[in-house]
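Here's the structure we're looking at; comments come further down.
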DNA sequence: ACCTAATCGAGACGGTACGTCTGGTCTTCCG
DNA sequence: CGGAAGACCAGACGTACCGTCTCGATTAGGT
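Right, here's the structure in full:
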């Protein structure tokens, strides 16, 4: 998806913007984020240690803390880049587009590093408003953009009516997004059951049609 | 809800069932679970400490570990009882029943102790199959039972067609449950926005009808 | 010297005096102090690390900090026991007694662990009154006792006049003690030159007689 | 005393002697040494930090390390100049001269920066021969010169016999010096008691006469 | 008027030790 | 024997300095 407006995982915006002393090593940034993803996949959230990441990245702990104030922020950035691979296809129909993006999302949630990190991050974000904001900016909003895009495509095709006003549109996007993201996450991470093409089809039907088996109302 | 098959937060079934020496203090169990809930509400998941719980409950750490093998299991039990208050009403229509149960669930998620614990537990459960199983038994399954109940009620009223076969029914219950639970959790705990009656109405509409604005297909 | 009133290097008096919980391991105390002395001798004051001591003693850092609040206090106790070996002989004359005790003291200062620790402790004590107090109780006072003892022996022999009053006696003991201890320390640790029997003889002469070469006054 | 043979605290002689590039700032040297003394007085040896000194002196750490290889050497130079104020008076008698110089030395040891630095330096010197040499050159030898001077004055007055040979003289100077320096340091820095005129008088008596109270021998 | 070279400030870098905290286990005594 | 108390080992935490390095910007002397 959108490599349009994307920095390569910018660490800490509070860094001095202009160069007085020695500039920060860009290689260190990359090594740290890679190490974080690897460690997440191997050891999971609980096994992830700042010291461990630093060692594996060949970097001093100080360097790590200079850029990310804590494990939470670090993992947000490390995981965020994974979400960049989500893309909105244009397959000619709303149903096909939805099924495609749900499939992509499910594929992402199947990766061990995502699985290890996502719910843990959400849990931490529950208590820390700054972290929630960061999660929103780096993870949630890019996803929500997909919904916006898919919706616009469907409107252009004539499958959906054009927006009446911006506020309603926004609310509709929100509700659709929470439904898609929440349901897939709950299915995979809480119920622990796989997301198969069949399941995707049935879920899309739920979104697009009345409840299956609903008697004529 | 179902006080049918429910122990009053039984700690560890592996305990010696019969009294040889001094019997375990039931008061200790209650004090521990209360202390856990209080500490969760005050300090959140991260701030919850076994030592802290023990102190607050006026109990030795040993006693605590004798009953629950770790923080995770303890919190499952402490939080599970909160889910007992969920009940399936029979308000005469499927929509009304759904809206009622979603509202109850949202109310539960608004409590600080639930908020602090739920996602964290799910995150831990991602790695630990035994924990996931326990979560399922004590938290998820009781909720899923509500869906089953509501569905049966609607079938009796004639709003839904009767089940064709058990397998399909089960799958349909699963998908509905994941959608309701996942969406409400995502809305409240990840997006961090409130679940108002209006939102509930719109979400229920999404479940019961085609996408709003969907052009005639 | 006086094993009369001596605890085997009691760590921290602030410990709860009698046993409610598990008692502190006496073996750990011994292992820690031994490890401290060994590490001092090998690595010196600067190379001595709490973590290193703990590891070498086969003890957790927590155990170490439970007993001694910091490196300073730990080393005081570790070194103090070395000073227990100082004894006041009774060799029949004041000169012989002085020479013997100076020789013993010099021998003590020649040991690497003493050398590494003593001045560093004194330096730290300069800033920390509690540490200075502890140094005084565990290291200085036992030494000063030797002076008191030697003086009493000389008075019994008739080499010295009996005390006129306690205050004057105390002052005289102080000045003699500071002179002996300070001079030997300065010779060995600052000037870095050896304390030979010849030097001891000359120093004792300085104490007992007018300056060598002093013209008749 | 001797501003005779004194560089104004020359930092590091290993600097390239002749100017090709930009010359070193003399102001920086002064600022660094001043900052060092101030920080010593305020924070003590343990609180003294290279980074702190650099900041306080308005200088980069690099500049500091270009001149002094470590904290130890820096403090030697910073403190050494304080010892330049020691002077040998000629008050007409050996006793008066000794009492004067002991008083001066005690005054010096009463200053917080000296107190913080001296024993710490000696302690470090115990392990580092190069440092000990530097201490000797910049701090100890100038003091020892005072003893030599006072001795010569007394010989000229006829209070002391002339030297028989150089070696013996040197040894006698050494022992007197270690005694005076060591005793005063021990009294003030270890015992932590003040050096009053009365104490100086008694100490000088000890140096010049047999032990007080010594029965006729 | 240019070079050349060492200096300056700032600050990031890899390390290491710090002292604290928590997790689980164990050992003791009391009821 | 159960329970309270608390010591035990293990190890991660986030901070503070260490001494080195890499910058861009001065600031001289030598041509």
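Protein chains in written order, with UniProt numbering: chain A, 1 to 217; chain B, 1 to 217; chain C, 1 to 217; chain D, 1 to 217. Cβ coordinates follow ideal geometry from the N, Cα and C atoms, glycine included.
Nearest by alpha-carbon distance to residue 99(C): which of 209(C), 206(C) and 200(C) is it? Counted from its first residue, the third chain places residue 99(C) at position 99. Taking the Cα of residue 99(C) as reference, the smallest distance to any Cα among 209(C), 206(C) and 200(C) is reached at 200(C).
Test: residue 186(A) CB closer than 9 Å to a CB of chain B: If you number the first chain from 1, residue 186(A) lands on position 186. It does: the Cβ of residue 186(A) has a partner Cβ on chain B nearer than 9 Å.
Starting from the C-beta of residue 177(D), find all residues in its chain whose C-beta is less than 8 Å away, skip the five residues before and the five after it, and write them out in chain order. As a first step, residue 177(D) must be located in the fourth chain, where it is residue number 177. Closer than 8 Å at the Cβ level, and outside the excluded window around residue 177(D), lie 143, 144 and 147.
Tell me whether the beta-carbon of residue 53(A) lies closer than 9 Å to the beta-carbon of residue 39(A). Taking the first residue of the first chain as position 1, residue 53(A) is located at position 53. Taking the first residue of the first chain as position 1, residue 39(A) is located at position 39. Contact: yes.
Who are the neighbours of residue 143(B) on chain A, taking C-beta pairs under 9 Å? In the second chain, the residue the question calls residue 143(B) occupies position 143. Near residue 143(B) there are no residues of chain A at all, since even the closest Cβ is about 11 Å away, more than 9 Å.
Where the alpha helix (DSSP H) containing residue 135(B) begins and where it ends: The sequence position of residue 135(B) within the second chain is 135, counting from 1. Looking at the DSSP string, the run of the alpha helix (DSSP H) that includes residue 135(B) is 129-135.
In terms of residue numbering, what span does the alpha helix (DSSP H) encompassing residue 81(A) cover? Position 81 of the first chain, counting from 1, holds the residue named residue 81(A). Per DSSP, residue 81(A) belongs to the alpha helix (DSSP H) from 71-83.
In this structure, does DSSP put residue 268(B) in helix, strand or coil? Here chain B has residues from 1 to 217 only, and residue 268(B) is not among them.
Just to make sure I have the definition right: I need the residues of chain B whose C-beta is within less than 9 Å of the C-beta of residue 49(A). Which are they? Counting from one through the first chain, the residue named residue 49(A) turns up at place 49. Neighbours of residue 49(A) on chain B: none; closest Cβ ~15 Å, over 9 Å.
Establish whether the CB of residue 203(A) and some CB of chain B are separated by less than 9 Å. Position 203 of the first chain, counted from the first residue, corresponds to residue 203(A). Closer than 9 Å to some Cβ of chain B, the Cβ of residue 203(A) qualifies, so yes.
Cβ pair residue 86(B), residue 104(B) closer than 9 Å: The sequence position of residue 86(B) within the second chain is 86, counting from 1. The sequence position of residue 104(B) within the second chain is 104, counting from 1. Between residue 86(B) and residue 104(B), the CB-CB gap stays under 9 Å.
Counting only C-beta atoms, is residue 150(A) closer than 9 Å to chain B at any point? Working through the first chain from its first residue, we reach residue 150(A) at position 150. Residue-level contact by beta carbon fails for residue 150(A) and chain B, as no gap is shorter than 9 Å.
Helix, strand or coil: how does DSSP classify residue 160(B) here? Here residue 160(B) refers to the residue found at position 160 of the second chain. Residue 160(B): strand per DSSP, three-state reduction.
Flag residue 1(D) as yes if its beta-carbon sits less than 9 Å from any beta-carbon of chain C, otherwise no. Position 1 of the fourth chain, counting from 1, holds the residue named residue 1(D). Because the pLDDT at residue 1(D) is just 44, under 50, the model does not fix this residue reliably, and the point stays unresolved.
Taking only the alpha-carbon atoms, compute the straight-line gap between residue 216(D) and residue 150(C) and give it to the nearest angstrom. Here residue 216(D) corresponds to residue number 216 of the fourth chain, with the count starting at 1. Here residue 150(C) corresponds to residue number 150 of the third chain, with the count starting at 1. Low local confidence applies: a pLDDT of 49 at residue 216(D) is under 50, so the model's placement there is unreliable, with the coordinate-based value given in what follows. Residue 216(D) and residue 150(C): Cα-Cα distance of roughly 18 Å.
Let me know the secondary structure DSSP gives residue 39(B) once reduced to three states. Numbered from its first residue, the second chain carries residue 39(B) at position 39. Three-state result, residue 39(B): helix.
Listed from N- to C-terminal order along the chain, which residues in the stretch 108-135 of chain B have their beta-carbon within a distance smaller than 7 Å of any beta-carbon of chain A? The stretch 108-135 of chain B vs chain A, Cβ under 7 Å: 115, 116, 119, 120, 122, 123, 126, 127 and 132.
CB-CB length for residue 281(D) against residue 59(D), believed under 8 Å: There is simply no residue 281(D) to check, as chain D begins at 1 and stops at 217 in what is shown.
On a CA-only basis, which of 207(C), 74(C), 49(C) and 25(C) is nearest residue 181(C)? Give me that one, please. Locating residue 181(C) in the third chain gives position 181, where the first residue counts as 1. Of the candidates 207(C), 74(C), 49(C) and 25(C), the one whose C-alpha sits nearest the C-alpha of residue 181(C) is 207(C).
Can you give me the C-alpha to C-alpha distance between residue 195(A) and residue 94(A), rounded to a whole angstrom? Position 195 of the first chain, counted from the start, is the residue given in the question as residue 195(A). Position 94 of the first chain, counted from the start, is the residue given in the question as residue 94(A). Taking the straight line joining both Cα atoms gives about 19 Å.
Kindly list the residues whose CB is nearer than 7 Å to the CB of residue 184(A), restricted to its own chain and excluding five residues on each side of it in sequence; keep chain order. Walking along the first chain from the start, residue 184(A) turns up at place 184. If you ignore the 5 residues before and after residue 184(A), its C-beta comes within less than 7 Å of the C-beta of 102, 105, 106, 109 and 195, all in its own chain and listed in chain order.
Coil, strand or helix - residue 111(B) by DSSP: Mapped onto the second chain, residue 111(B) falls at position 111. It is coil, neither helix nor strand.
Suppose contacts are defined by Cβ-Cβ distances below 9 Å. Is residue 135(B) in contact with residue 119(B) by that definition? In the second chain, residue 135(B) corresponds to position 135, counting from 1. In the second chain, residue 119(B) corresponds to position 119, counting from 1. Taking C-beta atoms as the reference points, residue 135(B) and residue 119(B) fail to come closer than 9 Å.
Helix, strand or coil for residue 20(D) per DSSP? Stepping through the fourth chain from its first residue, residue 20(D) is reached at position 20. DSSP places residue 20(D) in coil when its eight states are reduced to three.
CB of residue 126(C) within 9 Å of CB of residue 79(C), strictly: Within the third chain, the letter at position 126 stands for residue 126(C). Within the third chain, the letter at position 79 stands for residue 79(C). Contact flag unset, no.
Selection of the stretch 170-186 of chain A by Cβ proximity to chain B, strictly under 9 Å: So the close ones are 171, 172, 174, 175, 176, 177, 178, 179, 180, 181, 182, 183, 184, 185 and 186.
With 8 Å as the C-beta to C-beta threshold (strictly closer), list the residues of the stretch 70-93 of chain B near chain A in chain order. Along the stretch 70-93 of chain B, none of the residues has a CB nearer than 8 Å to a CB of chain A.
Taking 9 Å as the cut-off, decide whether the C-beta atoms of residue 57(C) and residue 64(C) are in contact. Counting from one through the third chain, the residue named residue 57(C) turns up at place 57. Counting from one through the third chain, the residue named residue 64(C) turns up at place 64. Their beta carbons are under 9 Å apart, which means residue 57(C) touches residue 64(C) by this criterion.
Return the CA-CA distance between residue 117(D) and residue 72(C), expressed in angstroms with no decimal places. On the fourth chain, residue 117(D) is found 117 positions in, with the first residue counted as 1. On the third chain, residue 72(C) is found 72 positions in, with the first residue counted as 1. Residue 72(C) has its alpha-carbon roughly 17 Å from the corresponding atom of residue 117(D).
Using a Cβ cut-off of 8 Å, which residues of the UniProt DNA-binding region "H-T-H motif" (49-68) of chain A contact any Cβ in chain B, in chain order? So the list is empty, because no residue satisfies the distance condition.
Spatial neighbours of residue 2(A) within its chain, please: CB distance less than 6 Å, with the 5 preceding and 5 following residues excluded, ordered by chain position. For this step, residue 2(A) is matched to residue 2 along the first chain. Low per-residue confidence applies at residue 2(A): pLDDT is 43, beneath 50, and the placement is therefore not dependable, though the value from the model is reported in the following sentence. Excluding five sequence positions before and after residue 2(A), none of the CB atoms of its chain fall closer than 6 Å to its own CB.
Give me the Cα-Cα distance between residue 92(B) and residue 62(B), rounded to the nearest whole angstrom. By one-based count along the second chain, residue 92(B) stands at place 92. By one-based count along the second chain, residue 62(B) stands at place 62. Cα to Cα, residue 92(B) sits roughly 51 Å from residue 62(B).
Can you tell me where the alpha helix (DSSP H) holding residue 200(D) begins and where it ends? Translated into positions along the fourth chain, residue 200(D) becomes position 200. 197-208 is the span of the alpha helix (DSSP H), which, as asked, contains residue 200(D).
Check residue 219(A) in the structure and name its three-state DSSP category. Because chain A here runs from 1 to 217, residue 219(A) falls outside it and cannot be looked at.
Below 9 Å between beta carbons: does that hold for residue 37(B) and residue 83(B)? The residue labelled residue 37(B) in the question sits at position 37 within the second chain. The residue labelled residue 83(B) in the question sits at position 83 within the second chain. Contact flag unset, no.
For a quick check, are the C-beta atoms of residue 66(C) and residue 24(C) less than 9 Å apart? Locating residue 66(C) in the third chain gives position 66, counting from the first residue. Locating residue 24(C) in the third chain gives position 24, counting from the first residue. Cβ distance < 9 Å, so residue 66(C) and residue 24(C) count as in contact.
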